[in-house]
Amino acid sequence: MLLQQIVNGLALGSIYVLITIGYSMVYGILQLMNFAHGDVYMVGALVAFSLLTTYHVNVVASCLIAVLVGAMLAALVERVAYRPLLGKDRTVSMITALGAALVIRNGEELVWGVAAHGFPSFVQTTTLQIGNLQVSVVQFFTLLVSVVVIIGFNLFLKYHKVGKSIRCVAQDIPVAKLMGIPTGKTISLVYAIGGALGVLGALLYCSSYNVVFIGMGFAGTMKAFSAAILGGIGNLNGALLGGLILGLSESLAASYISSAYRDAISFLLLIGILLIKPSGLLGRHISQKA
Amino acid sequence: MKQSIRLMIIGLLLVVFLVVSAGCGGKKPESIKLASVSPKTGPWATYGHDQRKGMEVAIEVINEAGGISQGPFKGVKFEIEVFDDRGDPKESANIAQKLVADESIFAMVGPTNSSCALADAPILEKGGVTMVTDLATTPELTNQGYERVFRTYFTGITEGKAMAMVALETLGLKRMYVFYENTDYGAGIQGALVPAMEDGAGEVLGVDAYTPGQDTDFSPLITKARNAGAEVIGICGSYNESGLIIRQVRTAGWDVPIVICTGNNHPNTIELAGAENLYNAYFTSPPVIGDSTDPNVVAFREKFEEKFGEKPGDYTAYAYDAVMVIKEAIELGCQSRDELHTYLRKIENYQGLTGPITFDEGGDVMQPGIVLLAFENGEYVLYE
Chain Y
1 MLLQQIVNGL ALGSIYVLIT IGYSMVYGIL QLMNFAHGDV YMVGALVAFS
51 LLTTYHVNVV ASCLIAVLVG AMLAALVERV AYRPLLGKDR TVSMITALGA
101 ALVIRNGEEL VWGVAAHGFP SFVQTTTLQI GNLQVSVVQF FTLLVSVVVI
151 IGFNLFLKYH KVGKSIRCVA QDIPVAKLMG IPTGKTISLV YAIGGALGVL
201 GALLYCSSYN VVFIGMGFAG TMKAFSAAIL GGIGNLNGAL LGGLILGLSE
251 SLAASYISSA YRDAISFLLL IGILLIKPSG LLGRHISQKA
Chain W
1001 MKQSIRLMII GLLLVVFLVV SAGCGGKKPE SIKLASVSPK TGPWATYGHD
1051 QRKGMEVAIE VINEAGGISQ GPFKGVKFEI EVFDDRGDPK ESANIAQKLV
1101 ADESIFAMVG PTNSSCALAD APILEKGGVT MVTDLATTPE LTNQGYERVF
1151 RTYFTGITEG KAMAMVALET LGLKRMYVFY ENTDYGAGIQ GALVPAMEDG
1201 AGEVLGVDAY TPGQDTDFSP LITKARNAGA EVIGICGSYN ESGLIIRQVR
1251 TAGWDVPIVI CTGNNHPNTI ELAGAENLYN AYFTSPPVIG DSTDPNVVAF
1301 REKFEEKFGE KPGDYTAYAY DAVMVIKEAI ELGCQSRDEL HTYLRKIENY
1351 QGLTGPITFD EGGDVMQPGI VLLAFENGEY VLYE
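From first to last, the protein sequence lines are chains Y and W.
Under our numbering, the first residue of the first sequence carries the number 1, and numbering increases by one thereafter.
Under our numbering, the first residue of the second sequence carries the number 1001, and numbering increases by one thereafter.
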């Protein structure tokens, strides 16, 4: 059974990874806890749900539109909620983020209601039998997508002009401005990418479990938050590691300790790891500029 | 001196006036206002709307017949005021406080969720308002000595025993693994299911809880159950999770029979589980009112379809009966919301849609048997 539970945990973790990437990246570049992350990606997922079920739009188009919606909404949130507070204390932006999240969540509730709906599975939810083990295809497909995204994004940051400008903005905004980098646009772009990646993760999440409901947004933000911190926030490889470890710990906790307390146990694990290594497993301790 | 004497006389007259007007409590109220307290939004909204609709049909039937038919309140009509507690005990408690403070409310019908009922009961008990719940099942509600709590639905004990009977006798399976919702509701049913299985020479291989409205991945639990060699799975929870669990069991390639508690034979379950996954799934349910030939039930069905343009769900009848027993209590002589509970206890064998109603000491009713449904050809049908 242990092996199957590990497989279950990795599968669950794969879903978490993609959601975490967007979240971690925003923090890594802009030092902001984007608590609206989950709710933004849920809007994308719900839009996809409506397109797929009510309007019968084909899968590819629905996903593209959903990702676009997520990206635009994320950029909008940045403009409206975060930009005016740039430079202020970090806690202030955290609070605005929570506020933005609430506004979005209530908006979602008005349009889609809070009930759970069946989300169509556009990636085959088949389960492979490998020996004695059940392996869910779609969840490992998600892991594959996550890895591709991480590698792609790392390359983008390193070699592409826009990627480099993002790194400049991450290092020092005033100097980046002096260098002629359009910092405002770059920041919006970072959020937009974060939102787009989040929606991608959400679409695969909903597709794996064939369910979509608003609560997945906030729950997802919490998972992304924990996984990102666990792996070292700001580090994309850390997001990968953190997501997988979180999934594993939940699965093992549910099977060997108590399913009712699975979340509590995963958070205890998070606390434990942070006590030993405060910057997360792969995080670098960034010293504060005075 | 004259000034103060004048003031004293005015004060005295005021007091006398107040006492006299308070004493005239037997005045006919404008209407009997019943509060519909249940989730109208949120994961359990389906149950809340079922309740509201059942109540509205009952109120329409009563009012069309001229309101209360006998006693001091003869001719007074009923009214409904709708509250949304979202299934959240904190919200429900707020509503309960509101009802206590609002003298125009005669009684509460609901709440739907067991946790909300447990939160509301002490507030209503203290505030002198009676609760008649049409769907909360926790046994804890009626065994704590509350006088103003009544229930027209089954208790979790009845449900748990029925599920055990289905597994042991109808299906002939002994080794069960139980999944239950980590709430008063789920715990109540599970708390009766496990001993019932064991008393009937069955075996409960394991009991695992899940958090409703949050957990979407049940694979660790399913792996555990499979590994333990379960012959049958019991689910004590509502449709959001039961649908997902059934789907995940089937996609893991496991055909094991699944027995589910009442409240799950809804379209939502089909949507979440996927119709193709609902084989070998056994839904316990209240008697299906769609099939009944009882003239009262037929009349209820027709009225419901006329009013809402859809067939009544099986759970709407319990809300209907809740309103009707309140009417019965008033006709027996109840003249204020404060004494409603005394008169409800005087009811003997009132013929409700759900069967003969007499409330026991705790406030529960002896219910007719739970029926068993399976899913065939896109709908729930009686299992033969």
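Backbone N, C-alpha and C define an ideal beta-carbon position, used for all residues, glycine too.
Straight-line CA distance for residue i to residue j?
i	j	result
W:Asn1268	W:Arg1345	37 Å
W:Thr1138	W:Tyr1318	16 Å
Y:Ile273	Y:Phe140	26 Å
W:Leu1193	W:Tyr1282	15 Å
W:Gly1025	W:Asn1264	Reliability of the predicted coordinates at W:Gly1025 is poor, the pLDDT of 49 falling under 50, and no value is obtained from them.
W:Leu1382	W:Glu1276	18 Å
Y:Val80	Y:Ala100	9 Å
W:Gly1362	Y:Thr221	44 Å
Y:Asp172	Y:Ala192	20 Å
Y:His160	Y:Gly215	37 Å
W:Ser1238	W:Gly1213	10 Å
W:Arg1301	W:Val1259	28 Å
W:Ile1068	W:Arg1226	57 Å
W:Glu1331	W:Glu1339	13 Å
W:Thr1158	W:Leu1244	25 Å
W:Tyr1315	W:Val1132	14 Å
W:Asn1143	W:Gly1186	17 Å
W:Leu1386	W:Ile1032	Look at the range of chain W in this structure, 1001 to 1384, and you will see that residue 1386 of chain W is not part of it.
W:Gly1023	W:Gln1335	Confidence in W:Gly1023 is poor, its pLDDT being 47 and thus under 50, which makes the residue's placement unreliable; the coordinate value appears in the next sentence. If I take the Cα positions, the gap works out to 13 Å.
W:Gly1128	W:His1341	9 Å
W:Ser1115	W:Thr1183	7 Å
Y:Tyr209	W:Ala1136	29 Å
W:Ala1252	W:Thr1130	47 Å
W:Asp1085	W:Val1037	6 Å
W:Thr1387	Y:Ser266	Any question about residue 1387 of chain W goes unanswered here, given that chain W covers just 1001 to 1384.
Y:Leu270	W:Glu1348	59 Å
Y:Phe49	Y:Thr126	21 Å
W:Ile1010	W:Pro1029	30 Å
Please state if the CB of residue j and the CB of residue i are separated by a distance shorter than 8 Å.
i	j	result
Y:Tyr16	Y:Ala227	yes
Y:Val211	Y:Val67	no
W:Gly1087	W:Trp1044	yes
W:Val1325	W:Leu1034	no
Y:Leu348	Y:Leu248	In the structure as shown, chain Y starts at 1 and stops at 290, and residue 348 of chain Y therefore has no counterpart that could be examined.
W:Pro1312	W:Phe1304	yes
Y:Ala97	Y:Asn34	yes
W:Thr1284	W:Val1365	no
W:Thr1223	Y:Asn8	yes
Y:Leu143	Y:Ser14	yes
W:Ile1233	W:Val1256	yes
Y:Ser259	W:Leu1221	yes
Y:Ile181	Y:Ser165	yes
Per the DSSP calculation, residue i is bridged to which residue(s)?
i	result
W:Met1108	W:Ala1035, W:Met1131
Y:Lys277	None, per the DSSP bridge assignment.
W:Lys1077	W:Ser1031
W:Leu1373	W:Phe1283, W:Leu1382
W:Pro1089	None, per the DSSP bridge assignment.
W:Cys1236	W:Tyr1180
Y:Tyr27	In the DSSP output, where bridge partners are listed per residue, Y:Tyr27 has none listed.
W:Phe1150	W:Val1132
W:Pro1356	W:Gln1351
W:Val1204	W:Met1176
Say yes only if the C-beta of residue i is nearer than 7 Å to one or more non-hydrogen atoms of the ligand HEM, and no if none qualify.
i	result
Y:Val162	Judged by which ligands are present, the structure shown has none, so any question about the ligand HEM falls away.
- Ignoring anything shorter than 3 residues or poking outside the segment 84-149 of chain Y, list the beta strand (DSSP E) runs there in chain order. Counting whole runs of 3 or more residues, the segment 84-149 of chain Y contains the beta strand (DSSP E) stretches 127-130, 133-136.
- Given a limit of 9 Å on CB to CB distance, which residues of the segment 1198-1220 of chain W reach chain Y? From the segment 1198-1220 of chain W, only Asp1208, Ala1209, Tyr1210, Thr1211, Gly1213, Gln1214, Asp1215, Thr1216, Asp1217, Phe1218, Ser1219, Pro1220 have a Cβ closer than 9 Å to chain Y.
- Name the residues in the segment 242-268 of chain Y whose C-beta lies less than 7 Å from a C-beta of chain W; which are they? Only Ser251, Ala254, Ser255, Ser259, Ala260 from the segment 242-268 of chain Y bring a Cβ to less than 7 Å from some Cβ of chain W.
- For the segment 1171-1190 of chain W, which residues have a CB atom closer than 7 Å to at least one CB atom of chain Y, in sequence order? Going along the segment 1171-1190 of chain W in chain order, one finds Asn1182 with a Cβ nearer than 7 Å to chain Y.
- Message: Taking beta-carbon pairs under 9 Å, can you tell me which members of the segment 1271-1284 of chain W lie near chain Y?
- Response: Residues passing the 9 Å Cβ filter: Glu1271, Leu1272, Ala1273, Gly1274.
- Query: In the segment 49-70 of chain Y, which residues sit with their C-beta less than 9 Å from some C-beta in chain W, listed in chain order?
  - Reply: Flagged: no residues at all.
- Message: Threshold first: 4 residues or longer. Then list the alpha helix (DSSP H) segments lying entirely within the segment 182-249 of chain Y, N to C.
- Response: Segments of the alpha helix (DSSP H) lying fully in the segment 182-249 of chain Y: 183-209, 215-231.
- Listed in chain order, which residues of the segment 105-117 of chain Y have Cβ atoms closer than 8 Å to some Cβ of chain W? Hits within the stretch, in order: Glu109, Gly113, Val114, Ala115, Ala116, His117.
- Item | Where the segment 1242-1260 of chain W meets chain Y: residues whose CB sits under 7 Å from a CB there | For the segment 1242-1260 of chain W, which is checked against every Cβ of chain Y, the residues closer than 7 Å are Leu1244, Arg1247, Thr1251, Ala1252, Gly1253.
- Message: Can you pull out the residues from the segment 1028-1043 of chain W whose beta carbon lies closer than 8 Å to at least one beta carbon of chain Y?
- Response: Result list: Thr1041, Gly1042, Pro1043.
- Only counting runs of 3 or more residues, tell me where the beta strand (DSSP E) segments fall wholly within the segment 1281-1338 of chain W, in order along the chain. Counting only runs of 3 or more, we get 1281-1285.
- Item | Against chain W: residues of the segment 5-22 of chain Y by CB proximity under 9 Å | Those would be Gln5, Val7, Asn8, Gly9, Ala11, Leu12, Ile15, in chain order.
- Contacting positions in the segment 207-222 of chain Y - beta carbon closer than 8 Å to chain W: For the segment 207-222 of chain Y, which is checked against every Cβ of chain W, the residues closer than 8 Å are Tyr209, Asn210, Val211, Phe213, Gly215, Met216, Ala219.
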